[in-house]
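First comes the structure, then the notes that go with it.
There are 2 protein chains.
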Amino acid sequence: MRTYLDCLPCFFRQALETARRVTGDAKTHREVLDRVASVIPDLPLDATPIELGREIHRVVREATGVDDPYREAKRNDNDRVTAWLPRLRRAVASSRDRLLTALKLAAAGNAIDLAIASRPDLRAAIERAQKEDGEMVDYPLFLERLQRSDDVLYLGDNAGEIVFDRLVVEQLVERGKRVTFAVRGRPILNDVTVEDARYVGMDDLAEVIASGSDGPGTALPLCVPEFLDRFERAGVILSKGQGNFEGLSDEDAPLFFLLKVKCPVVAAELEMDIGTIVLRSRARPPERGEQDRPAVRAQDAGRRVHR
Amino acid sequence: MRTYLDCLPCFFRQALETARRVTGDAKTHREVLDRVASVIPDLPLDATPIELGREIHRVVREATGVDDPYREAKRNDNDRVTAWLPRLRRAVASSRDRLLTALKLAAAGNAIDLAIASRPDLRAAIERAQKEDGEMVDYPLFLERLQRSDDVLYLGDNAGEIVFDRLVVEQLVERGKRVTFAVRGRPILNDVTVEDARYVGMDDLAEVIASGSDGPGTALPLCVPEFLDRFERAGVILSKGQGNFEGLSDEDAPLFFLLKVKCPVVAAELEMDIGTIVLRSRARPPERGEQDRPAVRAQDAGRRVHR
Chain A
1 MRTYLDCLPC FFRQALETAR RVTGDAKTHR EVLDRVASVI PDLPLDATPI
51 ELGREIHRVV REATGVDDPY REAKRNDNDR VTAWLPRLRR AVASSRDRLL
101 TALKLAAAGN AIDLAIASRP DLRAAIERAQ KEDGEMVDYP LFLERLQRSD
151 DVLYLGDNAG EIVFDRLVVE QLVERGKRVT FAVRGRPILN DVTVEDARYV
201 GMDDLAEVIA SGSDGPGTAL PLCVPEFLDR FERAGVILSK GQGNFEGLSD
251 EDAPLFFLLK VKCPVVAAEL EMDIGTIVLR SRARPPERGE QDRPAVRAQD
301 AGRRVHR
Chain B
1 MRTYLDCLPC FFRQALETAR RVTGDAKTHR EVLDRVASVI PDLPLDATPI
51 ELGREIHRVV REATGVDDPY REAKRNDNDR VTAWLPRLRR AVASSRDRLL
101 TALKLAAAGN AIDLAIASRP DLRAAIERAQ KEDGEMVDYP LFLERLQRSD
151 DVLYLGDNAG EIVFDRLVVE QLVERGKRVT FAVRGRPILN DVTVEDARYV
201 GMDDLAEVIA SGSDGPGTAL PLCVPEFLDR FERAGVILSK GQGNFEGLSD
251 EDAPLFFLLK VKCPVVAAEL EMDIGTIVLR SRARPPERGE QDRPAVRAQD
301 AGRRVHR
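Structure (structure tokens):
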């Protein structure tokens, strides 16, 4: 998808959060936002939010001098969810459709804010994954596609969440599939890198490769040839999270997007409500009158004047 | 209160919403945000969000050439709530403590997003106003102060909401108080002006004066001498909504803030949760370690990475 003007405030918010993670120095925080403001007029909105997000985080890195602000947080998230893994595996094993349950749990992993998650959140996620079906609309198509393909390219998303992804990969391996698990080319936000994948043992189950993308999602213009080659030959691509959706929604490929809808722009693109967990093959075709504006739904389009 | 860096993304969001209200032209939307970006480095964060918001909206006006983008929306909101007035008045009349109920309904008026409000929202607001008490913590103090004062300065907030404010003004007049109702000095967002106050008949109950502020709230540096004189002499000042709080929270005056908490920064300043309706005399004294960061609570301080 292209970038909407609605994404600009979000770029500022992310830059500020990242800067605060790196230092408590108010002057640096301000400096970061001033630098972000200075690149705004140069951002080409026909690029994906991932390509522009990459620019923003480059600016933040330059202003702060810190390369991987989320390193410790990612480690904590990976540890935390790894501790949950036996329980998650039991939930999968005891379910009627193990692959579907694993997919729903992986989507739930995208939904839990691990920084503030508690045991009840995990329990609720597991219960939800065992009960609800409605939103995984393209699961039958996914199964069909899977039958015709020996290998699956899985595009990872965030740390912590990657342990939930293991559940799906385990199910795919059990069905005799060769899985390639792709991660970012360098640290950005709390996105998974090769280091994270190895840390949670993903390399025992799948071949772990770096996409080369140094943006907060997979966008093909940012990827290395080795990854592009895999992407083109893949029979099934399971794309996890909003970032990968933002980067790939317009690509012509056997893509299945598994994510929780978290912002109004993606909600409009998918024609889904914020908060929904979806498995969807490709995005719906865009049919829009106004060039700049996502078809934001009534409840989001309220005036939000906030005064 | 001073402006936090968290306010900058909000300035962009407001500018974009206002630009879209004025025109469907994507180039103008972009031009507006580029111009907002260009003034970011010059914004002094020791000023209130109201003074900086004023700058932002000046930039938007210059870029769009439109002086009052919310004119029609304000008229619609005023009409809509006026149609509810008989019902609202009955709710006040049939309650045990009419002034308290009127105050709670006025706060509810600050809470309802009129652009998408429906009859059930109104009914719920009335029911809530008749039941809950907990958040109007400084009501006893307000009553005490009221007994010692013959006149009340009421600082208005938004269109539509102003009709809810009538309920309070009616109760004050019934108790023999002289009420002065202050509005913005010029159109900004959906804030009330003299035109709105007259349109809903506020001038039949109270003396309507313009504060002179051309920001999205009352900030004394923006006000005219006539208003400042009233402000200084007032025995009780009822300040409505977040905008007036943002502009006045540090002023030493007999202020009672009546508002719904709508953003993390104001929530931190008030040490209240987002969504709370409050009547509070002055803000709590600031006790902060880090200069740039509001004491945002755990549930807001989650990483909000959104990917």
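First to last, the sequence lines map onto chains A and B. Residue numbers for the first sequence follow the numbering used here, beginning at 1 and rising by one. Residue numbers for the second sequence follow the numbering used here, beginning at 1 and rising by one. Note that beta-carbon positions come from the ideal geometry of N, C-alpha and C, so glycine has one too.
Listing by chain order, which chain A residues have their CB less than 9 Å from the CB of residue i?
i, result
"D34 of chain B", "I40 and P41"
Does the separation of the CB atoms of residue i and residue j fall below 7 Å?
i, j, result
"V169 of chain A", "A210 of chain A", "no"
"A15 of chain A", "V39 of chain A", "no"
"I237 of chain B", "L259 of chain B", "no"
"A219 of chain B", "V192 of chain B", "no"
"P69 of chain B", "R21 of chain B", "yes"
"T276 of chain A", "V266 of chain A", "no"
"Y139 of chain B", "V179 of chain B", "no"
"G215 of chain A", "E17 of chain A", "no"
"L167 of chain B", "L88 of chain B", "yes"
"V208 of chain B", "I162 of chain B", "no"
"G217 of chain B", "G185 of chain B", "no"
"R13 of chain A", "P9 of chain B", "yes"
"D79 of chain B", "P41 of chain A", "no"
"G212 of chain A", "F227 of chain A", "yes"
"F181 of chain B", "G109 of chain B", "no"
"Q171 of chain B", "R96 of chain B", "no"
"A124 of chain A", "L105 of chain A", "no"
"A37 of chain B", "A93 of chain A", "no"
"G235 of chain A", "S149 of chain A", "yes"
"F257 of chain B", "R280 of chain B", "yes"
"K177 of chain A", "V152 of chain A", "yes"
"L146 of chain B", "V173 of chain B", "no"
"E135 of chain A", "V224 of chain A", "no"
"A91 of chain B", "I126 of chain B", "yes"
"D121 of chain A", "G241 of chain A", "no"
Can you check DSSP and say which residues form a bridge with residue i?
i, result
"N76 of chain A", "Answer is none; N76 of chain A lacks a bridge partner."
"I209 of chain A", "A:A182"
"Y154 of chain B", "B:F181 and B:L238"
"S281 of chain A", "A:F256"
"D191 of chain A", "A:N158"
What in chain B is Cβ-close to residue i, meaning under 8 Å?
i, result
"F12 of chain A", "L8, P9 and F12"
"L16 of chain A", "L5, D6, L8 and P9"
Just to confirm the assignment, what range does the alpha helix (DSSP H) spanning residue i have?
i, result
"V66 of chain A", "That residue, V66 of chain A, is in no alpha helix (DSSP H); it is neither H nor E in DSSP."
"S38 of chain A", "A26 to V39"
"D121 of chain B", "R119 to K131"
"P225 of chain B", "P225 to R233"
"T101 of chain A", "R98 to A111"
"L16 of chain B", "C7 to V22"
"Y139 of chain B", "Y139 to Q147"
Find the residues of chain B that neighbour residue i, judging by a C-beta separation of less than 7 Å, and give them in chain order.
i, result
"A37 of chain A", "A37, I40 and P41"
**Asked** If you scan the stretch 238 to 278 of chain A from start to end, which runs of the beta strand (DSSP E) of 3 or more residues do you find wholly inside it?
**Response** Counting only runs of 3 or more, we get 255 to 260.
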